[in-house]
Amino acid sequence: VSTQSTGEGLVGQLVGTLIFHVVAILYGAPLFQDLEKTFLWATLMSSLVFVPTSILFGLKASTFRRIFSGQISKKNLLETFCYKTGVMAIVGAWVGALPIPLDWDRPWQVWPWSCCFGGIAGFGLGLGWFGVERFVTRRYGVSWD
Numbered sequence: 166v167s168t169q170s171t172g173e174g175l176v177g178q179l180v181g182t183l184i185f186h187v188v189a190i191l192y193g194a195p196l197f198q199d200l201e202k203t204f205l206w207a208t209l210m211s212s213l214v215f216v217p218t219s220i221l222f223g224l225k226a227s228t229f230r231r232i233f234s235g236q237i238s239k240k241n242l243l244e245t246f247c248y249k250t251g252v253m254a255i256v257g258a259w260v261g262a263l264p265i266p267l268d269w270d271r272p273w274q275v276w277p278w279s280c281c282f283g284g285i286a287g288f289g290l291g292l293g294w295f296g297v298e299r300f301v302t303r304r305y306g307v308s309w310d
């Protein structure tokens with residue numbers, strides 16, 4: 166990993182944290198009450214989604230738009246990795262938010278714990294999806310296109 170890609174990863178972390186923080190507030194996260202928790206959740210999500218992509222591909226908005234809209238080359242493993250893990254982390258965090266309004270009064274149900282668990286689980290599922298697809302493609306020659 167070069168010094169340039171490390172710097173791009175740090176900038177990607179900062180930009181991604183800001184974006185996720187704003188999106189969380191727009192989706193209903195407390196603005197002032199749990200500001201630190203929202204910021205830490207945004208930092209986690211940025212680490213899962215923005216940092217790998219910015220280290221591997223730089224900080225071009227067009228590249229992020231292309232990868233996360235699914236317009237990737239199936240033969241480019243790095244694009245496929247970033248797409249599957251990033252999208253699944255976002256979906257996982259969204260699914261993790263579903264139990265927050267329920268009246269269960271559990272400690273893991275409080276903002277942002279379930280979203281953190283969901284984001285990490287989604288990233289793991291995306292990583293597993295990528296690995297299984299790679300294994301089946303290489304071992305059995307099955308094409309997923």
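In my numbering, the protein residues as written are 166 to 310. C-beta atoms are modelled at their ideal positions from N, C-alpha and C, and glycine is treated no differently. Predicted, not measured: the structure shown is a model, and the values here were computed from it.
Buried versus exposed call for residue i [16 or more other C-beta atoms within 10 Å across all chains shown]
{"i": "Phe215", "result": "buried"}
{"i": "Leu191", "result": "exposed"}
{"i": "Leu175", "result": "exposed"}
For residue j and residue i, the rounded distance between their alpha carbons
{"i": "Gly257", "j": "Leu290", "result": "9 Å"}
{"i": "Ser279", "j": "Gly261", "result": "5 Å"}
{"i": "Leu221", "j": "Asp268", "result": "42 Å"}
{"i": "Thr228", "j": "Thr208", "result": "21 Å"}
{"i": "Tyr305", "j": "Arg299", "result": "10 Å"}
{"i": "Thr245", "j": "Pro277", "result": "28 Å"}
Contact set for residue i: own chain, Cβ-Cβ below 6 Å, skip 5 residues either direction
{"i": "Gly283", "result": "Gly257, Ala258, Val260 and Gly261"}
{"i": "Gly287", "result": "Met253, Ala254, Val256 and Gly257"}
{"i": "Val275", "result": "none"}
Contacting residues, own chain, Cβ-Cβ under 7 Å from residue i (five flanking each side not counted)
{"i": "Trp206", "result": "Ala189, Pro277, Cys280 and Cys281"}
{"i": "Phe233", "result": "Tyr248, Gly251 and Val252"}
Cutoff 8 Å; reference residue i; Cβ partners in own chain excluding five residues on either side
{"i": "Arg231", "result": "Ile237"}
{"i": "Arg303", "result": "none"}
{"i": "Thr203", "result": "His186, Ala189, Ile190, Ala194, Pro195, Trp276 and Pro277"}
Report task. May I have a chain-ordered list of the alpha helix (DSSP H) segments no shorter than 4 residues that lie completely inside the stretch 206–270? Result -> 226–233 and 242–261
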